[in-house]
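A.B. asks: Before anything else, here's the structure in question.
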Amino acid sequence: MRKDLWSAWPSREALSRESRRRVESQARAAANRGVRFALLCFLVWVSHALNPHAGPARVIGGLVLLSLAIAALRRFFRVTREHHLRSAVPCMAALLLSGAGAWGLGWHLLSSVVWCLAAVIALERLPLGWGAAAAVLGLGAYFTTDRDNWIATLGTCGGLFMAGLVMRLDAEARGAAHRLLIEERSSQAARAESAALAERARIAREIHDVLAHSLSAQLVHLEAARIQLEQGADRGQIMDRVVAARAMAREGLEETRQALSALRGDMAPVAEALAELAAREGTVLRVEGEARPVAAEAGQTLRRVAQEAVTNVRKHAPGARPRLRLVYGPETIELEVRNGPGRQAWGERAARSGSGGRFVTGATHAVEDFTGTGPGGTDDADRRGEGDGYFEASARGEPTGRVEGAAGREKATAGKTGGAAGAVRARSAGGRGDGAGAEGGVGTGEMAAESVGGADLAGTGSGYGVRGMRERAELLGGTLSAGPPGDGEEGFVVRLKVPA
């Protein structure tokens, strides 16, 4: 049994009867008020009929006491809704005293009704301890005034006491139901708002991924065209870049349509979508395991993570070749996007080594050496400080540019074993790099922003690429890791694992 059973108020929902008002129509409420007024008039008429010899003073006194009882009753209902015990107890006392006054004036029926009504509503609306005390007073007064058939009167008092308790329990049940209804509606509103926010975030991710993937590719070609214009390149080379940018714009529009289709739930199979992505990027996709249909959300996550990872390769490792691997496991699907170092990293390594450059192209892994030699060499070309090499590659491994060794521009200084400086110009999509002579007469190559936009592109985008990919994985209960391979290789690898 609860310790506060005797002092606890009924819930405000139970006392306000709000649930009953919600289902009542205005016509029904008006009908109920009319019925109560008719019953009151009938009660007054019967009370007067039972006391035909009452004079005008008793009649007026009875009506005054009846008005006092009605006022006390209305006040009692109002203050109990707010759980004001100090105001409710005087109202109940006034109601009981008005019944006693009516008995003294000869209005016996009216007094009995007031006492019984006070007992029932006290049990229903007051804390149980106070309500039971008021009910005992009211029913006790009724019992003492009608002892002719005390067994029937006692049964009536017991029935009224039980009726008050039942009404209290019924009010609590209705209040609990009303409270649950309010909570359910609040929960539905919260779920609707959460769903709207989730859908808004999903659309934002799709827009970000589409723009990051397509616009960054366009930026590569447009930046290349700008640099080629500054360097006075051939009109055909510039037009190639503009045409490539236009093609990327068309691909961006197609990706936008695909994103809208994915939002509607219409989506191509994962392996097919990734194969198309690999074909556009000039790389290959390796699929392991038995391909099977996947959920729309999982497929969209795999596709978008692959696009974002490839875009990051283009932005932060220009010239590197991304390699895609899709593994169908028993309970999970794993996607791996791996790339080696970009052309800029190879050029910087060559500059630090002091012994020539070695460069791996993005799509064909063709290895070219570029060196400049100076005095201290073994032949005339070495003594002239001249050397030449040839390299052609684009961000996709397409022949577009060349690296040429140039004649040494500085003479060896007396007393030093230095080589002439060799100028190495790299023009794979418009980037450039310079070679400097080193000891032993071996020239080096240093590539700066080899693939156009390599330096500029790394600063583009919202900066939420990896974070957005990780959020996508976590929403599906999967995991995503991004960082160096850790197996002795250079480069970067993104691994995504989602439930199948």
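Its first residue numbered 263, the sequence shown is counted upward by one per residue in this note's numbering. Just so it is clear, CB atoms sit at the ideal spot from N, CA and C, and this is done for glycine as well.
(1) To which residues does DSSP link Ala744 through a beta bridge?
(2) Assuming the contact rule is C-beta atoms closer than 8 Å, Gly551 and Val589 should be a hit. Round their C-beta distance to whole Å, please.
(3) Does DSSP put Thr594 in a helix, a strand or coil?
(4) Please state the DSSP three-state secondary structure of Val546.
(5) Which whole-angstrom value is the C-beta distance of Cys419 and Leu431, which I expect to be below 8 Å?
(6) With C-beta atoms as the reference, is Leu536 less than 7 Å away from Ala568?
(7) Taking buried to mean at least 16 other C-beta atoms within 10 Å of its own C-beta, is Ser361 buried or exposed?
(8) Would Val428 be called buried (16 or more neighbouring beta carbons within 10 Å of its own) or exposed?
(9) Exposed or buried, which one is Cys378 when buried takes at least 16 other CB atoms within 10 Å?
(10) Given a cut-off of 7 Å, decide if Val572 and His518 are closer than it, judged by their beta-carbon atoms.
(11) Please go through the same chain and pick out, in chain order, the residues whose beta-carbon is closer than 7 Å to the beta-carbon of Leu442, but skip the five residues on each side of it.
(12) Cβ of Gly753 within 7 Å of Cβ of Gly581?
(13) Should Thr406 be labelled buried (16 or more other beta-carbon atoms within 10 Å of its own) or exposed?
(14) Give the DSSP-derived three-state secondary structure of Pro352 in the structure shown.
(15) For Leu588, which of helix, strand or coil comes out of DSSP?
(16) What is the C-beta distance between Val760 and Gly745, in whole angstroms, given that I count them as a contact (C-beta under 8 Å)?
(17) Considering only the alpha carbon of each residue, which of Pro389, Arg348, Arg387 and Leu359 lies closest to Val375?
(18) Does DSSP put Arg488 in a helix, a strand or coil?
(19) Measure the alpha-carbon distance for Val382 versus Met354 and round it to whole angstroms.
(20) DSSP has Pro761 in a bridge; who is on the other side?
(21) Is Gln490 buried or exposed, if buried means 16 or more other CB atoms sit within 10 Å of its CB?
(22) State buried or exposed for Arg340, treating a residue as buried only when at least 16 other CB atoms are found within 10 Å of its CB.
(23) Could you have a look at Asn601 and say whether DSSP puts it in helix, strand or coil?
(24) Between the beta-carbon of Ala380 and the beta-carbon of Leu357, is there less than 7 Å?
(25) Looking only at its own chain, which residues have a Cβ that is under 7 Å from the Cβ of Trp268, when we skip the five neighbours before and after it?
(26) In terms of alpha-carbon separation, which member of Phe338, Val599, Asp502 and Met501 lies closest to Arg548?
(27) Do you know offhand how far Leu484's Cα is from Met501's?
(28) Which residue wins for smallest C-alpha separation from Arg587, given the options Glu559, Val532, Arg464 and Ala579?
(29) May I ask which residues mark the beginning and end of the alpha helix (DSSP H) holding Val376?
(30) Based on Cα-Cα distance, which residue from Asp749, Leu737, Leu758 and Ala762 lies nearest to Ala460?
(31) So the candidates are Ala300, Gly544 and Val755; which of them puts its Cα closest to the Cα of His578?
(32) What does a CB cutoff of less than 6 Å around Glu275 pick up in its chain, not counting 5 residues either side in sequence?
(33) Let me check understanding here. Comparing Cα to Cα, which of Ala495, Gln480 and Gly514 lies closest to Val504?
(34) Just the C-alpha distance for Arg512 and Arg566, rounded to the nearest angstrom, thanks.
(35) Please report how far the alpha carbon of Ala334 lies from the alpha carbon of Ile413, in whole angstroms.
C.D. replies: According to the data block:
(1) Per DSSP, Val756.
(2) Rounded, the Cβ-Cβ distance is 6 Å, consistent with contact.
(3) DSSP places Thr594 in strand when its eight states are reduced to three.
(4) In the structure shown, Val546 falls within a coil segment according to DSSP collapsed to helix, strand and coil.
(5) Incorrect: roughly 19 Å between the Cβ atoms, too far for contact.
(6) In contact: Leu536 and Ala568 (Cβ atoms closer than 7 Å).
(7) What sits at residue 361 in the sequence shown is Gly, not Ser. Within a 10 Å sphere around the beta-carbon of Gly361 sit 16 or more other beta-carbons, which makes this residue buried.
(8) It is exposed - the Cβ of Val428 has fewer than 16 other Cβ atoms within 10 Å.
(9) Cys378 is classed as buried because its beta carbon has at least 16 other beta carbons within 10 Å across all chains shown.
(10) Checking the sequence, you will find Thr at residue 518 rather than His. The answer is no: Cβ separation not under 7 Å.
(11) Its chain contains no residue whose beta carbon lies nearer than 7 Å to that of Leu442 once the 5 sequence neighbours on both sides are disregarded.
(12) For the 7 Å CB-CB criterion, Gly753 and Gly581 do not form a contact.
(13) Around the beta carbon of Thr406, a 10 Å sphere encloses fewer than 16 other beta carbons of the protein chains shown; the residue is thus reported as exposed.
(14) Helix at Pro352.
(15) If DSSP states are grouped into helix, strand and coil, Leu588 belongs with the strands.
(16) Cβ atoms of Val760 and Gly745 stay farther apart than 8 Å, at about 19 Å.
(17) Measuring from the Cα of Val375, the nearest candidate turns out to be Leu359.
(18) Looking at Arg488 - three-state DSSP - the assignment turns out to be helix.
(19) Looking at the two C-alpha atoms, the distance is approximately 11 Å.
(20) Bridge partners of Pro761 according to DSSP: Thr594.
(21) So Gln490 ends up on the buried side.
(22) Classification for Arg340: exposed.
(23) Correct three-state label for Asn601: strand.
(24) Yes, the pair counts as a contact, with Cβ atoms nearer than the cut-off.
(25) Within the same chain, Cβ atoms closer than 7 Å to the Cβ of Trp268 are found at Pro389, Leu390 and Gly391, the five residues on either side in sequence being excluded.
(26) Among Phe338, Val599, Asp502 and Met501, the Cα nearest to that of Arg548 belongs to Val599.
(27) Answer to the nearest angstrom: the Cα atoms are 10 Å apart.
(28) Comparing alpha carbon positions, the residue from Glu559, Val532, Arg464 and Ala579 closest to Arg587 is Val532.
(29) Segment His370 to Arg387, the alpha helix (DSSP H) holding Val376.
(30) For Ala460, the nearest C-alpha among the options comes from Leu737.
(31) The candidate whose alpha carbon is nearest that of His578 is Val755.
(32) Same-chain partners within the cutoff: Gly437, His440 and Arg441.
(33) If we check each option's Cα against that of Val504, Gln480 comes out closest.
(34) Cα to Cα, Arg512 sits roughly 18 Å from Arg566.
(35) Going by the C-alpha atoms only, they are around 31 Å apart.
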